Amino acid sequence: KHPYPRTGKAEDEKAWARQLLEASRDWVMRWPGAVSPHDARFSSVALLEETPLAEFHTAADALLERYEQQPDEFKSLPPLHYRVAEAYLKRDTRLERVAELVAAGTAELGVERERDQASDTEPPEERRDGSYGIWFQDGAPMRITAHLRLNQLNEARRVLREMDEYHLANRPQGKDAQATTDFRNATLWTMRGRIAEAEKRTADAVVLYLRAGALQRTPLRPGPHRVNAGERARDLWKQMGGTAEGLQAMMEA
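With my numbering, the residue at position 57 of the sequence shown is 878, and numbering never jumps.
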């Protein structure tokens, strides 16, 4: 009766989240030991930015506690720990816990990857990445974002090296190989741009973002660890005093 709205309008999503928050309060009281009611409650407070931080933390802690007690009851992709980490980044809170949460989620993806590789539902060359690609898409970028906000530049660079090494060791295969390669390279160039920007190398960041933007084929789902590289390049170029004509000339060089 109350499906998630697909209108793309923030006000519709928030109205739905308020309904879910109200319903989930009753569910948590009726089934306090189950994971799903706590997941519903956390999902609603994560969507509602006006939720007091203390209530947000309580919902996150309760969800993680129930899930760690009975992890086989509930599965999600991205992993539940990734979702909590993304919510922490969105609220700019508990940043020091993001790496730990990503590590827990990545361990689950590793198990799923082993299952993908053992499955006979796809040709062998298309089993190499599977769900583990979510680490490249979300896990590592969330860690880099948290490290940059905490001014841990060496840690951010270390995670970027991990991404580079993973990409080199796991070249995409099959019919979607080029699209996957472009997506990964766009992610890598974007993360390089984020680090350059944090290091106040604005000119470098503009060039790196432009390189990423040329490879971003589809709009990214909004998130605190995602950047529309082309838009960010234009914003930084403008801040440097550059003109639209100059930026266009650089893009065409």
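Backbone N, C-alpha and C define an ideal beta-carbon position, used for all residues, glycine too. Everything numeric in this text was worked out from a predicted model, so none of it was measured.
Can you grab the Cα-Cα spacing for the pair residue i / residue j, in whole Å?
{"i": "tyrosine 903", "j": "lysine 1059", "result": "34 Å"}
{"i": "threonine 828", "j": "threonine 966", "result": "29 Å"}
{"i": "histidine 878", "j": "glutamate 871", "result": "13 Å"}
{"i": "alanine 906", "j": "lysine 822", "result": "30 Å"}
{"i": "serine 897", "j": "aspartate 860", "result": "10 Å"}
{"i": "proline 962", "j": "valine 980", "result": "8 Å"}
{"i": "glutamate 986", "j": "proline 1040", "result": "26 Å"}
{"i": "leucine 1029", "j": "glutamate 1066", "result": "18 Å"}
{"i": "proline 899", "j": "arginine 1047", "result": "15 Å"}
{"i": "tyrosine 953", "j": "proline 1043", "result": "21 Å"}
{"i": "glycine 1014", "j": "glycine 854", "result": "44 Å"}
{"i": "leucine 1075", "j": "leucine 930", "result": "In this structure the chain extends from 822 to 1074, so residue 1075 is not present and cannot be described."}
{"i": "threonine 1011", "j": "arginine 851", "result": "45 Å"}
{"i": "proline 858", "j": "alanine 908", "result": "18 Å"}
{"i": "alanine 1024", "j": "valine 866", "result": "38 Å"}
{"i": "asparagine 975", "j": "leucine 1031", "result": "24 Å"}
{"i": "glycine 995", "j": "threonine 1001", "result": "10 Å"}
{"i": "arginine 978", "j": "glutamate 843", "result": "42 Å"}
{"i": "arginine 992", "j": "arginine 1053", "result": "28 Å"}
So, helix, strand or coil for residue i, using DSSP?
{"i": "lysine 830", "result": "coil"}
{"i": "leucine 898", "result": "coil"}
{"i": "lysine 822", "result": "coil"}
{"i": "proline 1045", "result": "coil"}
{"i": "aspartate 941", "result": "coil"}
{"i": "methionine 850", "result": "helix"}
{"i": "threonine 1039", "result": "coil"}
{"i": "aspartate 913", "result": "coil"}
{"i": "threonine 1023", "result": "helix"}
{"i": "glutamate 1052", "result": "helix"}
{"i": "methionine 1061", "result": "coil"}
{"i": "leucine 1068", "result": "helix"}
{"i": "alanine 838", "result": "helix"}
{"i": "glutamine 994", "result": "coil"}
{"i": "leucine 869", "result": "coil"}
{"i": "leucine 922", "result": "helix"}
{"i": "leucine 1029", "result": "helix"}
{"i": "alanine 967", "result": "helix"}
{"i": "alanine 961", "result": "helix"}
Buried or exposed for residue i, please, with buried defined as at least 16 other CB atoms from any protein chain shown within 10 angstroms of its CB.
{"i": "glycine 1062", "result": "exposed"}
{"i": "glutamine 890", "result": "exposed"}
{"i": "valine 849", "result": "buried"}
{"i": "glutamine 1037", "result": "buried"}
{"i": "proline 873", "result": "exposed"}
{"i": "methionine 984", "result": "buried"}
{"i": "glutamine 973", "result": "buried"}
{"i": "aspartate 959", "result": "buried"}
{"i": "alanine 939", "result": "exposed"}
Since residue i and residue j are thought to touch, with beta carbons under 8 Å apart, how far apart are those beta carbons, to the nearest angstrom?
{"i": "leucine 869", "j": "tyrosine 888", "result": "At roughly 21 Å, the Cβ-Cβ gap does not stay under 8 Å, so leucine 869 and tyrosine 888 are not in contact."}
{"i": "arginine 964", "j": "valine 923", "result": "5 Å"}
Just reading off the alpha helix (DSSP H) that residue i is part of, what are its end residues?
{"i": "glutamine 999", "result": "998-1019"}
{"i": "glutamate 876", "result": "874-890"}
{"i": "histidine 983", "result": "Strictly speaking, residue 983 in this sequence is glutamate, with histidine absent from that position. Unbroken alpha helix (DSSP H) run through glutamate 983: 974-990."}
{"i": "alanine 855", "result": "Where alanine 855 is concerned, there is no enclosing alpha helix (DSSP H), given that its DSSP letter is neither H nor E."}
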